[in-house]
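Undergrad:
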Amino acid sequence: MSYESQVFKIPRESEDYEECSTFVTNTVEEIIKNAIESGQNKIFINTNLKLGLPMENINKIAGPFVEAWASETFQLIADDKSNKYSLMNVEAVERLHMADVILQFKRQRKVESGVTAEVDVKATAEDIDNSGKSPNITSFARIRTAYVEDPDYIFIILSLKHRVYSTRNQESGLMDGIMEVVKYNAYDLKYISSRDLNYNPALGTGQIQVRDIHYVDIPESVRPAPGSTSNPLTCMAI
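Take any residue in the sequence shown, note its place counting from 1, add 1446, and you have its number in our numbering.
(1) In whole angstroms, give me the CA-to-CA distance for residue 1488 and residue 1452.
(2) Closest by CA to residue 1552, which one among 1566, 1638, 1529, 1567?
(3) CA-CA distance, residue 1508 and residue 1518?
(4) Quick one: complete beta strand (DSSP E) runs, 3+ long, within the segment 1558-1621?
(5) Would you report the Cα separation of residue 1648 and residue 1617, rounded to the nearest angstrom?
(6) Using DSSP with H/G/I as helix, E/B as strand and the rest coil, what is residue 1675?
(7) If you drop the 5 nearest sequence neighbours on each side, which residues of the same chain put their C-beta closer than 8 Å to that of residue 1619?
(8) Going by the beta-carbon positions, is the gap between residue 1546 and residue 1459 smaller than 8 Å?
(9) Counting only the same chain and skipping the five closest in sequence on each side, list residues whose C-beta sits under 8 Å from that of residue 1542.
(10) Taking the runs of the alpha helix (DSSP H) that are 4 residues or longer, which of them lie wholly in the segment 1501-1570?
(11) Three-state secondary structure (DSSP) at residue 1637?
(12) Using three-state DSSP, classify residue 1469 as helix, strand or coil.
(13) Using the rule of at least 16 other Cβ atoms within 10 Å of the residue's Cβ for burial, across every protein chain shown, is residue 1400 buried or exposed?
(14) Out of 1591, 1454, 1468, point me to the one whose CA is closest to residue 1603's CA.
(15) To the nearest whole angstrom, what separates the beta carbons of residue 1610 and residue 1621, a pair I think is in contact under 8 Å?
(16) What number of angstroms, rounded off, separates the C-alpha of residue 1544 from the C-alpha of residue 1478?
(17) Beta-carbon within less than 8 Å of residue 1475's beta-carbon, same chain only, minus the 5 sequence neighbours each way: which residues are those?
(18) I think residue 1457 touches residue 1645, with their Cβ atoms under 8 Å apart; what is that distance to the nearest whole Å?
(19) Can the beta-carbon of residue 1520 be found less than 8 Å from the beta-carbon of residue 1564?
(20) Check the DSSP bridge columns for residue 1624 and list the partner residues they point to.
(21) Do you know how far the Cα of residue 1612 is from the Cα of residue 1623?
(22) Applying the criterion that 16 or more other CB atoms from any shown protein chain within 10 Å of the CB defines a buried residue, is residue 1581 buried or exposed?
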């Protein structure tokens, strides 16, 4: 059996992939922006502590709270069937899934009437210098397989920067924690420039990492032409 005799599946995106990707990315950012500007960006944690929260380690638990906040923010919008974002459905996924939440939007296309995107929420601390440096995104093998099996697969990284502080509850006299989402960015993994990505072979089957999730370049040169196969994550040889 020779290499030349093998038949390989060549992934080809739909002509409107970039348009759909841009729509999803912009809409996700708009939803988070509106939540922040309307003051719906705080998570309140009631405690029985009198001296306050252990702020030096609070980032270890803040991530799951922020991820849950993002999922609930999307769900509250989807519950309004006439919402302006055309968000139809929100689905939380199991812990070991590549993403944290799946979003389905209503959008008229040539062959479909909707767009589905998987969103991976990455929470980073505003007051920790190295927070957001080289976070694990997903297994290279898993994301590559997903792109090959479905060239129109949209995988969005939602970066949420938060700060945490404590305040005394006037009724109980105890300290409550407040986690506040303050900044955001959303990216389609497929369009992140190669210089912003790392590959770490020492983790599992190999992990895709973003060098600095707060500073990501999306150059025009990496955006494939309609029907192109130039996705760097499917062409990349490891």
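No residue lacks a Cβ here, since even glycine has one placed at the ideal position from N, Cα and C.
TA: On the basis of the supplied data:
(1) Straight through space, the alpha carbons of residue 1452 and residue 1488 are spaced by roughly 54 Å.
(2) Per the Cα distances, 1529.
(3) Between the C-alpha atoms of residue 1508 and residue 1518 there is a straight-line separation of about 15 Å.
(4) Taking only runs of at least 3 residues, the beta strand (DSSP E) segments lying wholly in the segment 1558-1621 are 1560-1571, 1582-1585, 1601-1614.
(5) Rounded to whole angstroms, residue 1648 and residue 1617 show a C-alpha spacing of 51 Å.
(6) Note that residue 1675 has pLDDT 47, beneath the 50 cutoff, so the model's placement of it is unreliable and the number below is only indicative. DSSP, read as helix, strand or coil, puts residue 1675 in coil.
(7) Sequence-distant partners of residue 1619 (beyond 5 residues in either direction) whose C-beta falls short of 8 Å from its own C-beta, in its chain, are 1496.
(8) At least 8 Å separates the beta-carbon of residue 1546 from that of residue 1459.
(9) No residues qualify anywhere along the chain.
(10) Assignment of alpha helix (DSSP H) within the segment 1501-1570, counting only whole runs of 4 or more residues, yields 1505-1524 in chain order.
(11) Helix.
(12) The answer is helix: DSSP assigns residue 1469 an H, G or I state.
(13) Residue numbering for the chain in the displayed model covers 1447 to 1684; residue 1400 lies beyond these limits and cannot be assessed.
(14) If we check each option's Cα against that of residue 1603, 1468 comes out closest.
(15) The C-beta separation of residue 1610 from residue 1621 comes to about 12 Å, leaving the pair out of contact by the 8 Å criterion.
(16) The alpha-carbon atoms of residue 1544 and residue 1478 are separated by roughly 21 Å.
(17) So the list reads 1630, 1631, 1632, once near-sequence residues are dropped.
(18) Not quite, the Cβ-Cβ distance comes to about 20 Å (not below 8 Å), so this is no contact.
(19) Going by C-beta atoms, residue 1520 is not nearer than 8 Å to residue 1564.
(20) As computed with DSSP, residue 1624 is found in a beta bridge with 1490, 1611.
(21) Just so you know, the alpha carbons of residue 1623 and residue 1612 end up roughly 4 Å apart.
(22) Buried.
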